[in-house]
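There are 2 protein chains.
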Amino acid sequence: MAPNRTSPDLSYLLDHTSHVLRTRMAAALAEIGLTARMHCVLVHAIEEERTQAQLAEIGDMDKTTMVVTVDALDEAGLAERRPSSTDRRARIIAVTEKGVEVARQSQEIVDRVHAEALGSLAVEDRDALLSALTALATGHLAQPAESQARRARQRS
Amino acid sequence: MAPNRTSPDLSYLLDHTSHVLRTRMAAALAEIGLTARMHCVLVHAIEEERTQAQLAEIGDMDKTTMVVTVDALDEAGLAERRPSSTDRRARIIAVTEKGVEVARQSQEIVDRVHAEALGSLAVEDRDALLSALTALATGHLAQPAESQARRARQRS
DNA sequence: TATTGTTATACTCTATAACTATA
DNA sequence: TATAGTTATAGAGTATAACAATA
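Structural data, given as structure tokens:
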């Protein structure tokens, strides 16, 4: 939505900046053949042994979205599915050596894109932005509220 | 994407806060039967005589998306298509009396949702957030860069 | 009975293409 | 030749439903 003038248009500012940053990030990660989701799964799968369900929870993805993300990582030779030793239903996502190297590169890319954006701000604006956004994300805007969409889904 | 710890995760903060705010806004506007797009079109159509194409430009919508938005406003009795007096191809979007009243309400809702979010912040955080976001939105994050998506679309 | 992961499918949103009528 | 608006359609992205294996 375009800015309106009756109040500082927080919606426009957040939508626009997040959209542009996401587009930038997607383009930057695409240069090494990754999507943001693949990067996210790689990073968290490296941290410790995690199942698809756990990684889906962390990345706020549907389990079916997770399947295609892991498929992509597998086809690219960056990760593999291994049976869990404790639950024969579950698959541990094991990152390959190549996957670890690619994750290192992708994390550099992510950090660079963030740094470029934040670097365009005055130092004091930078800290203020991050602290204010963190306050919102952990406070008043932590949860999508009782969304119409979610209710509609539950109804059907 | 979930937060990662190697840098302040600007992507996560912007994506999360904008998504939650958009969901809140959609739910709040839905109570009077509007979408964010309908609100946007109403407000800018009231300001002055504008054609569908001009309103699409302002709201950053495709002209085909504009058609369904105007259809919805028309069916709700909030706006009408009128032939332009200067260009017989173009349609002026004329807001009805009821549309003006609904736009007043929807603007109140928009302002309230924004005020609730900003009101949860310390006063100094509030101003800093808006000024930093404005700086990003008009500066480094003004444009989606040369996006892969756009190029892909042009290719096909 | 519930859960993990998979497949197939449906749905939503939006863009593309093709068209009419004007310019 | 280009543009405004419309229609129909296709595409991306994601969620839902149903299933098999296991808990």
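Quick note, the sequences are listed as chains A and B, same order. So for the first sequence, the numbering used here puts the first residue at 116; every next one is plus one. So for the second sequence, the numbering used here puts the first residue at 116; every next one is plus one. Backbone N, C-alpha and C define an ideal beta-carbon position, used for all residues, glycine too.
Of the other Cβ atoms in all chains shown, 16 or more fall within 10 Å of the Cβ of Arg165/B; this residue is therefore buried. Just so you know, the alpha carbons of Val217/A and Leu248/B end up roughly 31 Å apart. Close to chain A, meaning a Cβ-Cβ distance shorter than 9 Å, are the following residues of the segment 229 to 253 of chain B: His229, Ala230, Glu231, Ala232, Leu233, Gly234, Ser235, Leu236, Ala237, Glu239, Asp240, Arg241, Asp242, Ala243, Leu244, Leu245, Ser246, Ala247, Leu248, Thr249, Ala250, Leu251 and Ala252. Looking at the DSSP output, Arg196/A shares a beta bridge with Ile208/A.
By the criterion of a C-beta distance shorter than 8 Å, Thr180/B is surrounded in its chain by Arg152 and Ala171, once the five residues flanking it on both sides are discounted.
Distances from the CA of Gly214/B to each of Leu256/B, Ile173/B and Ala187/B were compared; the closest alpha carbon is that of Ala187/B. Between His134/A and the set Ala243/B, Leu136/B and Asp130/B, the nearest pair of CA atoms involves Asp130/B. If you check the CB distance, Val156/B and Val185/B come in under 8 Å. Judged by DSSP secondary structure, Ile161/A falls within the alpha helix (DSSP H) whose first and last residues are Ala151 to Glu162. In this structure, the beta-carbon distance from Ala160/A to Ile224/A does not fall below 8 Å. Interface criterion not met: the Cβ of Leu188/A is under 8 Å from no Cβ in chain B.
With 16 or more neighbouring CB atoms inside 10 Å of its own CB, Asp124/B falls in the buried class. As computed with DSSP, Thr166/B is found in a beta bridge with Ile207/B. Among the residues of chain B, those whose CB is under 7 Å from the CB of Ser133/A are Leu129, Asp130 and Ser133, following chain order. Note that the segment 226 to 240 of chain A does not touch the segment 191 to 209 of chain B; fewer than 3 beta-carbon pairs, one per stretch, sit closer than 8 Å. With its beta carbon less than 8 Å from one in chain A, Leu136/B belongs to the interface.
In terms of Cα proximity to Ala205/A, the closest of Gly174/A, Asp242/A, Gln167/A and Leu256/A is Gln167/A. In this structure Leu244/B does not touch Leu136/A by the C-beta definition: roughly 16 Å separates them, more than the 8 Å allowed.
Counting the other Cβ atoms within 10 Å of the Cβ of Val158/A gives 16 or more, which makes it buried. Here Gly174/B is buried, its C-beta having at least 16 other C-beta atoms within 10 Å.
Thr138/A counts as buried, since no fewer than 16 other beta carbons sit within 10 angstroms of its beta carbon. According to the DSSP assignment, Ser235/B belongs to no alpha helix (DSSP H), since it is labelled neither H nor E. From the beta-carbon of Gln258/B, the residues of chain A found nearer than 8 Å are Val135. DSSP places Met181/B inside the alpha helix (DSSP H), whose first and last residues are Lys178 to Glu190. Taking all protein chains shown into account, Arg241/B has 16 or more neighbouring C-beta atoms within 10 Å of its C-beta and is therefore buried.
The beta carbon of Met153/B sits no closer than 8 Å to any beta carbon of chain A. DSSP places His131/B in the uninterrupted alpha helix (DSSP H) bounded by Leu125 to Ala145.
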